[in-house]
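To start, the structure under review is shown below, and the notes come after it.
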Amino acid sequence: MIEITREYANWILALPTALIFSGVLLAVSRMKPEYHVLVGRLMLVPYVAGIVLLGELNITGQYEDLWWPGITYLTIYLVVIFYSWHIWENNT
C-alpha cells in the first residue's frame with residue numbers, strides 16, 4: 110500500500126487544481142474569444158509547473174519515488190489541454 114506522504118499529497122492536489130484552473134480559463138475564452146491566445150498560454154502554466162516540480166524532485170533525490178504520480182499528472186493534464194482546445198475550436 111502506498112503511504113500518502115506530503116509529496117504525494119502535492120500531486121494529488123495539483124491535478125484537481127489544474128483542472129479547475131483550465132475550466133475557468135476555458136469559460137473565459139468562450140465568453141471573450143479575443144482572449145483565446147492569452148488563455149492558451151495560461152493553460153500551459155500548470156503543465157510547466159509540473160515539469161519544474163519533477164526537475165526539483167530529481168535534484169532532491171526523490172525522483173524515483175514520485176516519478177509515476179508526476180508523469181500521470183502531466184499526461185492527464187496534457188490530454189485536458191488538447192481536449193479543451195478541441196471543444197473550444199469546435200464551438201467557436
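Each residue of the sequence shown is one higher than the one before, starting from 110 at the first, in the numbering used here. The C-beta atom is built at its ideal place from N, Cα and C for all residues, glycine as well.
- When the alpha-carbon of Ile196 is set against those of Tyr144, Ser138, Val154, the nearest one is in Ser138.
- Going by C-alpha positions, Ile160 is about 8 Å away from Leu183.
- The C-beta of Leu187 has fewer than 16 other C-beta atoms within 10 Å across all chains shown, which makes the residue exposed.
- For the pair Leu122 and Val189, the CB atoms are not nearer than the 8 Å cut-off.
- Here Pro178 is buried, its C-beta having at least 16 other C-beta atoms within 10 Å.
- With a threshold of 16 other beta carbon atoms within 10 Å, Leu153 falls short and is exposed.
- Boundaries of the alpha helix (DSSP H) harbouring Leu147: 145–152, taken from the DSSP string.
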